[in-house]
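So the structure is just underneath, and the comments pick up after that.
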Amino acid sequence: MYKKENDIEYLKAEIKKKNRLINEYHLTFRILNLQIAQLQHYKNRISNLHARIEYYRKVIDRLENIIPVKKFIKIVYFGIDRCVNIFEKIFKKINCRQFIINEKNNFIFHYKFFENQQFNQSHLILIVAEVTLPQCYKYRVQQKKEYFEKLGWQCRIVDWRNQSEVLSVLQICKEVIFYRVPAFQNVLDQISEAKRLGLKTWWEVDDLIFDKKLYLQCGFMKYLPKEELDLLLFGSGLFRKALLACDHAIASTSALAQNIRQVGVHEVKVIENALDQNTLRIASDLYPRKLEIDGDLKKKDEIIVLYGSGTKTHNADFLIAADGIISALIHEKKLRLWIIGELELPNQFEDFKNQVCYFSFRSYDQYMKLLAHADIAIAPLEDIAFNDAKSNIKFLEASILGIVSVCSPRKNFKEIIRDGENGFIANSTSEWKEKICLLAGNSQLRQRLGRQAYYDVLKDYSSDTILKKQVEPIFGIPNKQVRDKLKILVVNLYYAPYSYGGATVVAEEMSRRIQKKENTEIAIFTSRPFSQHKGLRRYCDNGSLVYSVEISPQSYPSEEFNNTEIVDPFEMVLQAVQPDIVHFHAIQNLGLHLIASCQLKDIPYIITLHDTWWLCDRTFMVKNNHKYCFQEKIDLNICQACESQVFYLRERMKMMKKSLEGASLLLSPSETHRQLYIVNDVDPDKIIVNRNGVSRPRKLRKKRMAGSVLRFGFVAGNEIIKGYNLIFDVFTSLKHENWKLTIVDSKSNLGYSSFDIDSWKGQGKVIIIPPYDENSKDDFFNEIDILLFPSQWKESYGLTVREALLRDVWVVCTHPGGQSEDVMDGINGTYISLYDGSEELKKVIEGFLEQPSFLDAYLNPYKDHIMTYEQQADELFEIYNSVKVAENKKHPVL
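In the numbering used here, the protein residues as written are 126 to 1019.
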């Protein structure tokens, strides 16, 4: 390179080449908008570079008029070369596509909802639970579900380890309970997400597992291996962290609630363990109609004392009563000690092994059947704070079977047991012996106390009692849903902030306008790019709730229409929104199973047919040679020849037809497009035209300066179907220099550029810019004279064509097709055919360049023919209401 530093023409060419490269960098940084946190470090540096580059650009624009002073040209060359090098160093440190995705994801994942917002009318309560502890799961999780459903709430239980499912269900629930979950990072993320959504976060527990100091008081701790002890204490810290991460707590006992308050959580509610429907069902088969005694288990004259241990953690508890039980076994030979679960008996029991029987841990039903054989149930507990916080489950289970209990005087036992009336309290070796022996020798006493205990627990611990006294005051009854609003769920593959394509523009603009109409709610279901963030996410756009779901990369092409992965999150949204109508737009990759869900749930839906995806597997009816297929009536034999490796075309067509036939109404953006579907067996009465609207100009168009270069614009990607190759061929072969082409790179919103500016070698000027929005749309069209729309298929509409026509921009477009319906050849635009390649387009462009003055005073005389967003929204709103009225007639509300 430096060997040629004296070659002025070489330097000038290199300067132009590097200037194109800088245009690319400049475009990328405009897309990034320099708002991403990782780029802040470079912000000032890049701003200074831009100022320096603008200076060099001005020099470059006048190069042809500069006397080739060698030294000056060298200064420009090396200056701009240094700018390129700096940009390249920065680009090595960042991944632009990923940063754009991260920026958009940050908007979604950090959108903050406020607690108790009125729009959250969900009737769902989520329980994120530890599900591996059967007894805990029964009493603290399943019972909650039973309570909530009695109150009229829906309830869903999810294992805390299932991150994607938890995060998804959080998006559609009213409140969330985290039961006995540790503060691993995924749980902290769940709690954080619940708070982002404005949900009330409850942490629930039924043991003092969050207090290391009190945990260490438990007698069983000294028998644990060090590794197991360390693990328990580590878990205790995680439980405490999870508790403090939530704003509210639920405890199973009042003593436990007090301990939670001392930790620092101020709102703590008590919901005690109760006798649920499952327990009552089992008990009704066993008491008072006593089950037939199993002779293999219990001899007729034996008195069974039963202890349900569960795990070895109860070894120290049993020791409290061990000596008293041994004394009772010596005194009363008919006594038998039954132990269910794990328990290490003291060595003294070796002398009484004929009076002791072990049973392995078993299901709840089987446990209750064994318990029903007992005459006396025991519940010894150490005298420590940990046990004072425990519930009285063992007393409840024995009592509902009419079995008398002897229990330690821990707080919850003392609250229900009246000593000698409905059970016994034992607090010493002598008391344990005395009371067991008293009961063993008096069957009538056992029956009397057991019967009283039965009546007491039914009165104080039935699920109806706990529901009324403890659950309903906390969670209340869900508001009755009043169907006083028109609720629409809009479904589209993309949605802001991931805006891409004409269908997305229509879906966004219609949703935003109709959302503002009285007694109307619009919600949106859409997708976002694959990333580490799994599951459904809810955010807000212009007053509408938006539910976005991540779409995994496709394993098979058929997943574009046959995607089962999206069904569960979509049905969650259907449950949450309860729409009157679902409006499907572009649903490629989301798939047809979403429509099947609506059909199964008898939810009316309409489809806007934005393209020919419903007829053609290649979406735009373009053959594998990139040429338009020109079929009218679709012949699958022709399609199969075009896609010889595809095996599913006939099944796909069946699914598409079933989806179209089940729709309440089909909408077409143009009459041309409507006729194509009618030819393909769509009922003419079922498909109507709803022309796409465009926004009105906010700025007056600047008058074109006489003698200035002719300015062309192209808005699309680099696909052959959009005609990019024709534009490239024409403009790189033009001999004229009096032109400027501005290309809008529509894909840069998705995080990448689809154009290589270095490949352009034309005589005029080419620039590439990111997509315009509503605020910059007028600026773009004010900077062009002619819009190029050489689409190579019969478009369903052509949004940018209408945007240009409404702003007095001449349009060159292919014909026939929906894109040309508002273009009048020779009056506000020029037709080119779909058949003739680039030669016809080149001839038209050269004609304009020969006489650019014909546009100096041009005004479109037919702007009033163009549908605006407001007009389309009004028309679509009437369509929604007519569909709802028609559906109400089919299914009248009684």
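Even for Gly, the Cβ is constructed at its ideal location relative to N, Cα and C. Small disclaimer: the values here were computed from a predicted structure and weren't measured.
Report the option in D508, E995, I720 and W463 whose CA atom is closest to the CA atom of H498.
Counting from one through the sequence shown, the residue named residue 498 turns up at place 373. Checked all of D508, E995, I720 and W463; the closest Cα to H498 is W463.
Mind pulling the alpha helix (DSSP H) runs of 4 or more residues that sit fully within the segment 752-826?
Restricting attention to alpha helix (DSSP H) runs no shorter than 4 residues, the segment 752-826 encloses them at 761-767, 774-786 and 796-804, ordered along the chain.
Once you ignore the five residues that flank E370 on each side, which residues in its own chain have a CB closer than 7 Å to its CB?
Taking the sequence shown and counting its residues from 1, the one referred to as residue 370 is at position 245. It should be pointed out that residue 370 corresponds to Ala in this sequence rather than to Glu. Counting only Cβ-Cβ distances below 7 Å, and skipping sequence neighbours, we find A308, L313 and I316.
How long is the line joining the alpha carbons of A648 and Y664, rounded to whole angstroms?
Sequence index remark: in the sequence shown, residue 648 carries index 523 (1-based). Sequence index remark: in the sequence shown, residue 664 carries index 539 (1-based). So the alpha carbons of these two residues sit roughly 10 Å apart.
Going by beta-carbon coordinates alone, are R821 and T993 separated by less than 9 Å?
Your numbering for residue 821 matches position 696 in the sequence shown. Your numbering for residue 993 matches position 868 in the sequence shown. For R821 and T993, yes; Cβs fall inside 9 Å.
Quick check on DSSP: helix, strand or coil for W557?
Taking the first residue of the sequence shown as position 1, residue 557 is located at position 432. W557 falls in the helix class under three-state DSSP.
Within the continuous beta strand (DSSP E) that includes V707, where are the two ends?
Counting from 1 along the sequence shown, the entry for residue 707 is found at position 582. Where V707 is concerned, the enclosing beta strand (DSSP E) stretches over I706 to F709.
Among P941, G942 and W935, which residue has its Cα nearest to the Cα of N953?
Numbered from 1 along the sequence shown, position 828 holds the residue referred to as residue 953. The residue with the shortest Cα to Cα distance from N953 is W935.
Hey, how far is the Cα of F709 from the Cα of I731?
Within the sequence shown, numbered from 1, the residue matching residue 709 stands at position 584. Within the sequence shown, numbered from 1, the residue matching residue 731 stands at position 606. Whole-angstrom Cα-Cα distance: 6 Å.
For F1032 and R637, what's the separation of their Cα atoms in angstroms?
Nothing about residue 1032 can be reported from this structure: the residues present for the chain run from 126 to 1019 only.
From which residue to which residue does the beta strand (DSSP E) around E329 run?
As a first step, residue 329 is located in the sequence shown; it is residue number 204 there, counting from the start. Here the beta strand (DSSP E) through E329 covers K325 to V330.
State the CB to CB distance for the pair G943 and T797, rounded to an integer number of angstroms; the pair is presumed to be in contact (CB under 8 Å).
Here the question's residue 943 lines up with position 818 in the sequence shown. Here the question's residue 797 lines up with position 672 in the sequence shown. Rounded, the Cβ-Cβ distance is 5 Å, consistent with contact.
Output needed for M635: all residues of its chain with C-beta closer than 6 Å, excluding positions within five of it in sequence on either side, in chain order.
If you number the sequence shown from 1, residue 635 lands on position 510. Beyond the five residues adjoining it in sequence on each side, M635 comes within less than 6 Å, by CB distance, of A998 and L1001 in the same chain, given in chain order.
Since K425 is in the beta strand (DSSP E), which residue starts that stretch and which ends it?
Within the sequence shown, the letter at position 300 stands for residue 425. No beta strand (DSSP E) holds K425; DSSP gives it neither H nor E.
Taking C-alpha atoms, which residue in E255, E1003 and W285 lies nearest to T645?
Residue numbering aside, residue 645 sits at position 520 when the sequence shown is read from its first letter. Answer by Cα proximity: E1003.
Looking at the unbroken beta strand (DSSP E) that takes in G1024, where does it start and where does it end?
No answer is possible for residue 1024: it lies beyond the span of the chain, which begins at 126 and ends at 1019.
So S247 packs on K320, CB below 8 Å; how close in whole Å?
Residue 247 sits at position 122 when you count from the first residue of the sequence shown. Residue 320 sits at position 195 when you count from the first residue of the sequence shown. Not quite, the Cβ-Cβ distance comes to about 16 Å (not below 8 Å), so this is no contact.
Between L563, L292, E457 and I602, which has its C-alpha nearest P694's C-alpha?
Walking along the sequence shown from the start, residue 694 turns up at place 569. For P694, the nearest C-alpha among the options comes from L292.
Does the Cβ of P193 have 16 or more other Cβ atoms within 10 Å, making it buried, or fewer, making it exposed?
Position 68 of the sequence shown, counting from 1, holds the residue named residue 193. Summary for P193: the model assigns pLDDT 45, below 50, so the residue's position carries little reliability; its value from the coordinates is reported in the next sentence. It is exposed - the Cβ of P193 has fewer than 16 other Cβ atoms within 10 Å.
Please tell me whether L661 and V294 are closer than 9 Å, where the distance is taken between their beta carbons.
As a position in the sequence shown, residue 661 is number 536, starting the count at 1. As a position in the sequence shown, residue 294 is number 169, starting the count at 1. Less than 9 Å separates the beta-carbon of L661 from that of V294.
Helix, strand or coil: how does DSSP classify R286 here?
Along the sequence shown, one-based indexing puts residue 286 at 161. Note: R286 maps to coil in three-state DSSP.
Expressed to the nearest angstrom, what Euclidean distance is found between the alpha-carbon atoms of F335 and R365?
Stepping through the sequence shown from its first residue, residue 335 is reached at position 210. Stepping through the sequence shown from its first residue, residue 365 is reached at position 240. Counting only the Cα atoms, R365 lies some 5 Å from F335.
I need the boundaries of the beta strand (DSSP E) containing K394, first residue and last residue.
Reading the sequence shown from its first residue, position 269 is the one you call residue 394. Run containing K394: E392 to V395, per the beta strand (DSSP E) assignment.
Taking 9 Å as the threshold (beta carbon to beta carbon), is E329 in contact with chain B?
Absent from the structure: chain B. Only one protein chain is present.
For L356, count neighbouring C-beta atoms within 10 Å of its own C-beta (all shown protein chains included) and say buried if the count is 16 or more, exposed if not.
On the sequence shown, position 231 is the one that residue 356 refers to. Residue burial is scored here from C-beta neighbours: L356 has fewer than 16 other C-beta atoms within 10 angstroms and is therefore classed as exposed.
Return the CA-CA distance between A632 and Y620, expressed in angstroms with no decimal places.
The sequence position of residue 632 within the sequence shown is 507, counting from 1. The sequence position of residue 620 within the sequence shown is 495, counting from 1. Cα-Cα distance, rounded: 8 Å.
Assign L725 to one of two classes, buried (16 or more other C-beta atoms within 10 Å of its C-beta) or exposed (fewer than that).
Walking along the sequence shown from the start, residue 725 turns up at place 600. Within a 10 Å sphere around the beta-carbon of L725 sit fewer than 16 other beta-carbons, which makes this residue exposed.
For A374, does the three-state DSSP call read helix, strand or coil?
Counting from 1 along the sequence shown, the entry for residue 374 is found at position 249. The answer is strand: DSSP assigns A374 an E or B state.
Quick one: grab the DSSP three-state call for T737.
Your numbering for residue 737 matches position 612 in the sequence shown. Coil, per DSSP.
Just grab the DSSP bridge partners of D693 for me.
Mapped onto the sequence shown, residue 693 falls at position 568. Bridge partners of D693: none, in fact.
For V529, which of helix, strand or coil comes out of DSSP?
Along the sequence shown, read from residue 1 onward, the residue named residue 529 stands at position 404. Note: V529 maps to strand in three-state DSSP.
In the DSSP assignment, what residue or residues form a beta bridge with E646?
Locating residue 646 in the sequence shown gives position 521, where the first residue counts as 1. DSSP lists K612 as partners of E646.
Would you list the one or two residues that DSSP bridges to I250?
Counting from one through the sequence shown, the residue named residue 250 turns up at place 125. For I250, which the question treats as bridged, DSSP gives the partners C280 and E300.
Note the first and the last residue of the continuous alpha helix (DSSP H) segment covering D1021.
In the structure as shown, the chain starts at 126 and stops at 1019, and residue 1021 therefore has no counterpart that could be examined.
Which runs of the alpha helix (DSSP H), 4 residues or longer, sit entirely within the segment 557-589?
For the segment 557-589, whole alpha helix (DSSP H) runs of length 4 or above, ordered along the chain, are 568-586.
What residue range is occupied by the uninterrupted beta strand (DSSP E) comprising V630?
Walking along the sequence shown from the start, residue 630 turns up at place 505. Note, V630: premise wrong, no beta strand (DSSP E); alpha helix (DSSP H) at G627 to Q640.
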